Structures are given as structure tokens and as C-alpha cells.
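Accompanying notes for the structure given below.
2 protein chains.
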Amino acid sequence: MTESTLTPELEAVVAGAAAAAPAYAALTPAERARVLVALGDALEAAKPRLVEIAMRETGLTEARLNGEVTRTAVQLRLFSETVMDGSYLDARIDYADPEFVLGPRPDIRRTHVPLGPIINFSASNFPFAFSVLGGDTASILAAGCPVIVKAHSGHPELSDATAEVAREALRSVGAPEGVFNLIHGREAGVAVLKDPRIKAGSFTGSIGIGRLLTDIAAARPTPIPFYGELGSVNPVFVTAAAIAERADEIASGLLTSVAGSAGQLCTKPGFIFVPAGSALPAAVAAAAGEVVEHRLLDPRIAQSFNERRDTILATPGVTAVIPGGVRFDDAGHGWASPTVVSVSLEDFRAGHQGLVEEAFGPLTILVETPEGTDLAALMPEFYEGNLSGTIHISADEATGTTANATELRALVTALAKQVGRVLFNGWSTGVAVTPAQQHGGPWPATSNDASTSVGTSAIKRFLRPVAFQNTPAAFLPEALRDENPLGLPQAISPAGQSGDWGSQYRG
Amino acid sequence: MTESTLTPELEAVVAGAAAAAPAYAALTPAERARVLVALGDALEAAKPRLVEIAMRETGLTEARLNGEVTRTAVQLRLFSETVMDGSYLDARIDYADPEFVLGPRPDIRRTHVPLGPIINFSASNFPFAFSVLGGDTASILAAGCPVIVKAHSGHPELSDATAEVAREALRSVGAPEGVFNLIHGREAGVAVLKDPRIKAGSFTGSIGIGRLLTDIAAARPTPIPFYGELGSVNPVFVTAAAIAERADEIASGLLTSVAGSAGQLCTKPGFIFVPAGSALPAAVAAAAGEVVEHRLLDPRIAQSFNERRDTILATPGVTAVIPGGVRFDDAGHGWASPTVVSVSLEDFRAGHQGLVEEAFGPLTILVETPEGTDLAALMPEFYEGNLSGTIHISADEATGTTANATELRALVTALAKQVGRVLFNGWSTGVAVTPAQQHGGPWPATSNDASTSVGTSAIKRFLRPVAFQNTPAAFLPEALRDENPLGLPQAISPAGQSGDWGSQYRG
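These protein sequence lines map, in sequence, to chains A and B. Heads up: the first sequence is residues 1 to 507, going by full-length UniProt numbering. Heads up: the second sequence is residues 1 to 507, going by full-length UniProt numbering.
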């Protein structure tokens, strides 16, 4: 089981993480919460120094990066609350029932246990929130698993500096050695992913690399879950009534959402389906003056975005609403100002191989749909899965009593089949970290659409249920004891009742 | 998306299931519950006729098969209660919070939606409970997904007869056409598993076939979850004090568990670790007269079990406690009486390649461990994952205050890392269908150890979370509405609180 083709350095990392796993899993909720709070505090304390490195390495703005550090620190603290709350353990107690419908049933209790060491592949576009101490690391550590972070090549210095902050914070609270690790290089990441001691992987990045890693995880002698957050075009549907009500507000919101962080967000709205001949394109054009150019993350992404933009602009039927563009500086960095184009549904269909793919950068496509278009049928025609789908409607339509209410309901149902998050009258960028959040969606948006990578449910990716049958109290995990020492919610099935019928929550 | 290499017959089946999916998903909980109850009632009404076919095709006893039909019918009804209860939807409501720690947060609500058409590969050894209308089908239909059952080649006539019962029951309650389908043949099953309209698979069977199908599901252009329940040896640990207290009771219980259904159960205890020189082997030998020979499912399984038994008996150091054996009748059927052998831990280690594999049939191995053996370290030495792990202790040891309590706790922790269910002073065969049940375990026990194939949580395999952000009430699913028309538990995060901290259940 421990045979390995790792380099001595990587072997030490993986062996250290594996050795730390039992001790870390055995920490009390309060101790594990303390680890997370210490990391959040340390990260925030190091903000000025880390943001300075991040600006240089990623080209993202100081305001955005400052906000991202805050979000990342708060996220670590939120997960400490998740750990203390304990409802993520989904503790269930079925009392023994001599009269059970299928004959005497034993006492069965179920909780969740941490999987063990996890590898997390960092993202380029969130150097804090989806990187070394980001949401994946926070949920891995919250679940009670050691983490090995594979640094993104786009911000190696920041990754090392953040890791040093993390190590010092972990030492300060006496966390087991080996709980947190950072490695560099794609080959190193793949080698670790293949190691039998690694029990799951998480990833944020492209469909291509995501597919590669998903396949590696699935083909291991012991397959493991791989949680990849890959690509998404996040379609938006805007009704005629919404445009009549607030074209300027929608135009301005769209442009802010598309231009923010130079459009390098997995939730950037990529396609806006609008009624043909509406006032929205003109309103968008009028709002163009609001945004300034923004450096793209790295020269490779800039080149690739520039080519994608050329392809789209050269597609027959495509008109520039806001031309935008990419300017390259002497260091090879690309500075983008947002591009918005429009195209008729007919031309979109005709050129769809060239148009439907995600453009990673500040570009969006208004697709003008003729009256009578079956909106619910549009998405399945072009896409399998997406992270989000957005609908803009008028105040009147929000009552659900207008003539098009049935059509709108069909659109909601269709979107719910293809996305992880349906939203109204807002923008998909900016994903709140809350218990009900769902940041995931059918392939290729993610490699596992039963999970979320944002929100406190993200912790569930790194846990596994275990049942205890007729287990004496002295040998039960605390989460499952009658006296409920952790004070967490326990779903109780008393004797004399079957199924979930009548389960009570206590705690 | 609908290109297909299916035969016309299979294309009709898959197209029918896909067409039925939206209508079936749209049924109210009460309507879906009615479908499940109708299936349970119809199955039980057809019991005499179906059991007669099953006896002929599987060789299982009338008593066992009658009990299995009851269990399967009750299971369908239990899932109707799960559907009505609604807690499986894990409905969450985070109210908008203008003061949220990361800035104003929108209203976010989350529920679960059915995945779509599912293929379920039936098992040979449970012609009812893990076959056409078994636990997988029940949880698939309860989740709101159409099912395509691939019949097991061991009981084709029974599969057809059960399917006819199902179709009639579905017609009687007006369920959408195409919700339930039966196909025959491994190639047909593989072709359907590869079809893009199929959204998940479930399977009960061997590690070899399970690996093959898991790999096919993972390698699709759109990978899908595959829930395989594969192989398990279900280790048992018996303390010296337990043997001193009740050797005869343990011996008799063990033999009943190993001999029941001719040992053809995935939860059959395969290895019993006992203190060297204990009275248990003699007690087992004395209990041998209790059991009679039992037909094995089919000639192939009988041949394979017979060879496995020969290999084990010929391994150096192995002694027959109860020789048992297989007698072949003129039809080629094998009739087995149980075999129990013992071997020292040293000889077990020496011959372990030949001994550790699952023997599918009525055979178990007593491994005699010398005093001072680190029991917690034993399992990881030989196995990755198992469905269950059992510990037999004395009444005194159950208090957790004896000298070996620390050692026992370490064993519990070690088992919880490698199995889905830890049990005390009982036998792993006979898996209760309850909310807390966990029938699953790390590879190769299952292909997805975050899930269970028994118990009401099994429904979760066929659902996917979807969040609704700032969605007007008129467009929200009923599960997420403030007035809670379905009366299900909703986890509420009010404004002014972060994380899971202070979530309230209502409903």
C-alpha cells in the first residue's frame, strides 16, 4: 500500500500528511475550530505583505485582492463555526426496535469520518479564495483531513508566502505536524494524486486539465473522488418587460459583472439571451465608458483570450456592441478592456461551434432571440452543464401572474436541470459563502455535481458516513452518544416508527 | 447529445425513460409515494407465484425468499415515507442579510433535484431485495428518476415476471410511461450505461465486473456517478473474555451467519480473529450439526466456490474445524454445507495471497492471533475497504473500563477507517433498512464510499443540489417556500447570523 514512485521530497510530504491524519482527525471540534480561526487571523494579519506580492504576480487590483483576503479569512472562520455546530456530521440515531416492521431492529447510529489526506490543486484566478488557504483548504481542514496544496504556477511566490503564514499559525496552536503542505509543479501534483495514501482531490481550473486529473483519479488501483470545478458560460435570460423597466440598470450590472477581475471568473455571464430588437445593446454601449482596462492574469491567458476574441469577432453575423480589446505591454502582459458583441440566434446557431465555448476574459455575447423562441429549449441545444443560470424579469413578472408565467416557469425548470444555481435579477459573479450555497453543476461545469466548492456544504466532500450498530456507549463517537456532549443536531428515530417518518431533531 | 449506438429496442427503452423523466420528476410527493406503495403492494400480492419461480432459478429456500419479498415490499413502502417526509431534500433557506460579514448577502435557498434516467444492474444473490424492484430501484424511483433495470442472468424468468407485476402496478396508478424498464444481457447493460441520457448507475456484484463498469462510467465523454457494491470479507474480532462468557452462543451465531443463504451474502463474516488457543474452534465444531446443505445459486458459482475451498484447505497451516463440502447433483447444481477452517496468524500471513480473497459461499476462516497482537494494525495489513467490521466483547468489556479498553477503542477507530458499519456482539448479515444505516465502505467494498445502498439515505445517490438565489416565491420549488406547503424540515439561517451557527429547523 505504501509503495511509491514519489521523489524523496514528495514522499516526505505524503508520508507526513498520512502520519498526521489520525491525530488531526482525533482533535475535538473546539481544537479544530481553533486551527481554522488561527489561520484566518494570520492570513488577515499578513494582508498588506501578501497583497503586494499578489498584485505583482496576478495583475489583479489592490481593492479586489484586499476584498479577497477578507473573504478568505472570513471563510476560514465560518468553517470553524461549521465544525462547532456539528450539523455537517448528519448524526442519526435509530433506537433498537423489537417491534420493527421487518422484525427486531438493532440500535444503529451514523456519523461521518474524515477521508484522510487530500490534494487540492489551486486556481490561477483567485490567488487567495481558491488557492493555498482558500475554500477547498478550509473545508478540507474543517473536515479533519490533512491537505497537500499544489500551488498554481501563476503565483508561486504568493503561494510560498501564504504557506509560511499558515505554517506559523498552525505551530502557534500546536496542530499536528504534516497537516498542511505545499508543493509546486504539475508533475508533482499528478504523482501525489496517484499515491494510495491520498483519499480525494479538489481542483479549480480548465476543462482540459480537469478532465485529465479526473481520469487519473478514476483510473487508480483504488479510485478516489475528484472534485473539479471546470468551465462554465453562465447563461442569462432577460425578458422584454425587464428591459422596458430597467435597461440601464441591467446594462450597467452586466458590464460590471463581465469586466470585474477582467472577466477571469468561472461565474462570468458568457451569454445573454435578449429579445431581438430590444434596447439592451444600446444601453450596454452607452455604459461602456464606465470601465477601464485591466491586466489579464498572465501572458498565456492574455494571448489565448485575444485569439478567442478575434475568432468571435470574425464569426459571420457578430457585431461589436463594445469593441474593447487587448493591449500588450513590454513585459508581454495583456491589458483588456471589455468586449460585448451581439448576434442573432440564427447566426449563433450557424456559427455555434466557434461561439459557444467559454471565453476566459472580459467578453460576453448578446444573443438576440426572435419572438416566440422556446427559451427552455435553448440551453440543452448548446450546453450540458453550467455553474449558474440567471433570469432578469420585471416586478410585474415576479408575481408569476403575467401571460408569460408558464414560459418562465418552464425556463426555471430547464435551468435547474442544467445548472447548480438559478438566480433572478442579479449577477452570477460574487458567490456568497452560506449554508444554502451551491457552486457546482453538471459536467463540464464540475466533475461531481452532487457537491459544492463554495458554502459550508463544501465540507461534505471530504467525509464518509460510518454506522455503529449496537455499540456500547463507551465505544461510540461523541457525536452519537445519548447525552450528546457536542450539542449537535441528532436526527432521532425512536422505536415504534419506521423510515424517516417522525424523525425528531434534538440538540 | 442523442446520438446513439443502441439497438432499436434499447433506443426505445432509453428514449422512453428520458421522455418520462420530466413528467415523473414533476409528480407531487404524494403521487410519487403512491407509485412506491402500489409497487410494494403488487409485489407482495404476487409473492407465491414469484417465490416459486425464484426457488427454481436460485435454489434459495422458500422461507428466505418469502422473507425477502416482504423485506422488498416493506422497503418500497419505507421509501414512500421518505418521499413524504421530505427531509432527504435537505432544504435550506438563508435569508438575505444586508449586514452579512462579507457584505450584503442575497436570499439563497437550496433543495435537491432528480438526476434523470438511471441504470441499475441487479444482483444474483438477492433475486428480490437487490433485483428488479429491490433497494436500488426503490431509491431511484423515490428520488424521482426513471429506472432501467439490467436483469441478472441468474434469474431471467423471475425478472420478467417481477417486471410485469411492476408495469401493471404503475399503470394502475397512472405513472408516466417509461418510468420503469427491464433489459437483459451484459452488452445491453454496457450500451445503456454509455448512453448520454443516462445520468448514473448502480450495481451489486463482483469486484471484477464492478471495476469494469465503474471505469466505463468514468470514461464517458460526460462522466457519471457509478454506485457499485462490490466485494467484502467483513472481519470479526472476538475477545478472550467474550469467548469465556459465551463461546457456544458466538459459535452458533457465527455458523448461522456463515451458512445462511449458503454464505452467498456480501456481508458474510469471512475472517474471525480469535485469541490463539481459545475454546471457540471447539465450540464451532460442536455446533456443526445444526446446519444442513443448501444449493448454491448456479453451477458457475458452485464450481468457483468449490475451487476456492480446495485452495484454502490446501494452504499450509490450515486446519478444518468443520470440513463441510460441495456435492454436485445431476443438473450440475452444487449443494454446499458450511466449511470452517482455522489457521495461525503466522500461517495466514505466509499464505495470505491465497487466503485473504473473499470466498463467495459458506466458508469462514478463524485466524488465531497470539497474545499481544496489535489488532488495530491487522486489517490495514491485509485489506483496504470492507462493508462491515464486527467486535464481540464481554459484558464487562462493554463498560469501557477493563484493562484492554484502550486497545478496543483503537480497534474501533481502525475499523471505522476501513468499513462502513462497525458492529458489536452481533452478525453483519441482515442489514436493517433504517435512516441511520450505512451499507457501503472504502474500495473495493464499494466504488463510492460516501453513499449507502441500504437504508433511506440510499435515495441521495440519485439527487443533485440546486440553489435558488433571490427567486420570487412564484418561481420557487415548493420545498423552498416560506409557507412550507410540503411540511418538510427546512434549515433556516436568519439574517444577522453567519455560517451554520444558529440554523433552525422548522416544519
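Glycine is no exception: its CB is placed at the ideal position from the N, C-alpha and C atoms. Small disclaimer: the values here were computed from a predicted structure and weren't measured.
When the Cα atoms are used, what is the spatial distance from residue i to residue j?
{"i": "B/Q437", "j": "B/A450", "result": "13 Å"}
{"i": "A/K460", "j": "B/A285", "result": "47 Å"}
{"i": "B/V242", "j": "B/A395", "result": "The displayed chain sequence assigns Ala, not Val, to residue 242 of chain B. For B/A242 and B/A395, the distance between alpha carbons rounds to 8 Å."}
{"i": "B/T70", "j": "B/A479", "result": "32 Å"}
{"i": "B/R34", "j": "B/V173", "result": "7 Å"}
{"i": "B/A432", "j": "B/L39", "result": "20 Å"}
{"i": "A/I312", "j": "A/R349", "result": "13 Å"}
{"i": "B/E3", "j": "B/G201", "result": "Residue confidence for B/E3 is low, a pLDDT of 49 falling below 50, so the modelled location carries little weight and cannot support an answer."}
{"i": "B/S447", "j": "B/F305", "result": "24 Å"}
{"i": "A/W501", "j": "B/P275", "result": "Any reading at A/W501 must be qualified, since the residue scores a pLDDT of 39, below 50, and its modelled position is unreliable; the value itself is stated next. The alpha-carbon atoms of A/W501 and B/P275 are separated by roughly 44 Å."}
{"i": "A/A247", "j": "A/T339", "result": "18 Å"}
{"i": "A/A359", "j": "A/G185", "result": "26 Å"}
{"i": "A/N404", "j": "B/Y383", "result": "60 Å"}
{"i": "B/T413", "j": "A/A63", "result": "47 Å"}
{"i": "B/E57", "j": "B/A188", "result": "22 Å"}
{"i": "B/G507", "j": "B/T111", "result": "Only weak support exists for where B/G507 lies, its pLDDT of 41 falling under 50; the value from the coordinates is given anyway. Rounded to whole angstroms, B/G507 to B/T111 spans 15 Å at the Cα level."}
{"i": "A/G317", "j": "B/P442", "result": "54 Å"}
{"i": "A/G260", "j": "A/V367", "result": "21 Å"}
{"i": "A/I108", "j": "A/I93", "result": "6 Å"}
Check this for me: beta carbons of residue i and residue j, under 8 Å apart or not?
{"i": "A/L133", "j": "A/T72", "result": "yes"}
{"i": "A/T390", "j": "A/V258", "result": "no"}
{"i": "B/R223", "j": "A/T214", "result": "Sequence check: residue 223 of chain B is Pro here, not Arg. Contact flag set, yes."}
{"i": "B/P362", "j": "B/G263", "result": "yes"}
{"i": "residue 556 of chain A", "j": "A/L78", "result": "An answer regarding residue 556 of chain A cannot be provided, because it is not within the stretch 1 to 507 covered by chain A."}
{"i": "B/A473", "j": "B/D482", "result": "yes"}
{"i": "A/L65", "j": "A/M55", "result": "yes"}
So the alpha helix (DSSP H) residue i belongs to, where does it begin and stop?
{"i": "B/H352", "result": "352-355"}
{"i": "A/A63", "result": "62-85"}
{"i": "B/D94", "result": "Careful: B/D94 lies outside any alpha helix (DSSP H), inside the beta strand (DSSP E) at 91-94."}
{"i": "A/L265", "result": "Note, A/L265: premise wrong, no alpha helix (DSSP H); not H, not E."}
{"i": "A/V13", "result": "8-25"}
{"i": "A/S159", "result": "156-172"}
{"i": "A/S304", "result": "299-313"}
{"i": "B/R197", "result": "B/R197 -> no alpha helix (DSSP H), and no H or E assigned at all."}
{"i": "A/R49", "result": "47-58"}
Closer than 7 Å by beta-carbon distance: list the chain B residues that pair up with residue i, in chain order.
{"i": "A/R409", "result": "F475"}
{"i": "A/S232", "result": "Near A/S232 there are no residues of chain B at all, since even the closest Cβ is about 14 Å away, more than 7 Å."}
Report the neighbours of residue i on chain B: residues whose CB is nearer than 9 Å to its CB, in chain order.
{"i": "A/W335", "result": "Ordered by position in chain B, no residue passes the 9 Å Cβ test against A/W335, which lies about 28 Å from the chain."}
{"i": "A/G420", "result": "R464, P465, V466, A467"}
{"i": "A/S493", "result": "T434, P435, A436"}
Span of the beta strand (DSSP E) holding residue i?
{"i": "B/Q469", "result": "463-469"}
{"i": "B/R109", "result": "108-114"}
{"i": "B/I243", "result": "Taken as a continuous stretch (DSSP letters only), B/I243 belongs to no beta strand (DSSP E), being part of the alpha helix (DSSP H) at 240-259."}
{"i": "B/K150", "result": "147-150"}
{"i": "B/A450", "result": "Here B/A450 belongs to no beta strand (DSSP E), and DSSP marks it neither H nor E."}
{"i": "B/S202", "result": "200-204"}
{"i": "A/Q418", "result": "Per DSSP, A/Q418 belongs to no beta strand (DSSP E); it is in the alpha helix (DSSP H), 405-418."}
{"i": "A/F121", "result": "118-121"}
{"i": "A/I183", "result": "180-183"}
How would you list, in chain order, the residues of chain A whose beta-carbon sits under 8 Å from the beta-carbon of residue i?
{"i": "B/G178", "result": "Near B/G178 there are no residues of chain A at all, since even the closest Cβ is about 17 Å away, more than 8 Å."}
{"i": "B/I93", "result": "A436"}
What does residue i touch in chain A if you count any residue whose Cβ is under 7 Å from its own?
{"i": "B/G400", "result": "P472, A474, F475"}
{"i": "B/D449", "result": "R464"}
{"i": "B/A412", "result": "The question names Ala, yet the displayed sequence has Val at residue 412 of chain B. Ordered by position in chain A, the residues that pass the 7 Å Cβ test against B/V412 are F475."}
{"i": "B/W443", "result": "T222, P223"}
{"i": "B/I108", "result": "A432, T434, A436, Q437"}
List the residues of chain A that residue i touches, going by C-beta distances under 9 Å, in chain order.
{"i": "B/F424", "result": "F468, Q469, N470, T471, P472, F475"}
Is the region 413-432 of chain B touching the region 455-470 of chain A, taking contact as three or more C-beta pairs under 8 Å? They touch, by the three-pair rule.
The region 188-204 of chain B contacting the region 86-106 of chain B, beta-carbon criterion three pairs below 8 Å: no
Segment contact, 8 Å Cβ cut-off, at least three pairs: the region 8-28 of chain B with the region 129-146 of chain A: Touching, no.
Touch test, the region 9-24 of chain B against the region 165-183 of chain B, Cβ-Cβ under 8 Å, three pairs minimum: yes
Counting Cβ pairs closer than 8 Å, one from the region 202-210 of chain B and one from the region 233-248 of chain B, do we hit at least three? no
Check whether the region 117-124 of chain B and the region 77-91 of chain B touch, using three or more Cβ-Cβ pairs below 8 Å as the test. With contact defined as three or more Cβ pairs closer than 8 Å, the region 117-124 of chain B and the region 77-91 of chain B are not in contact.
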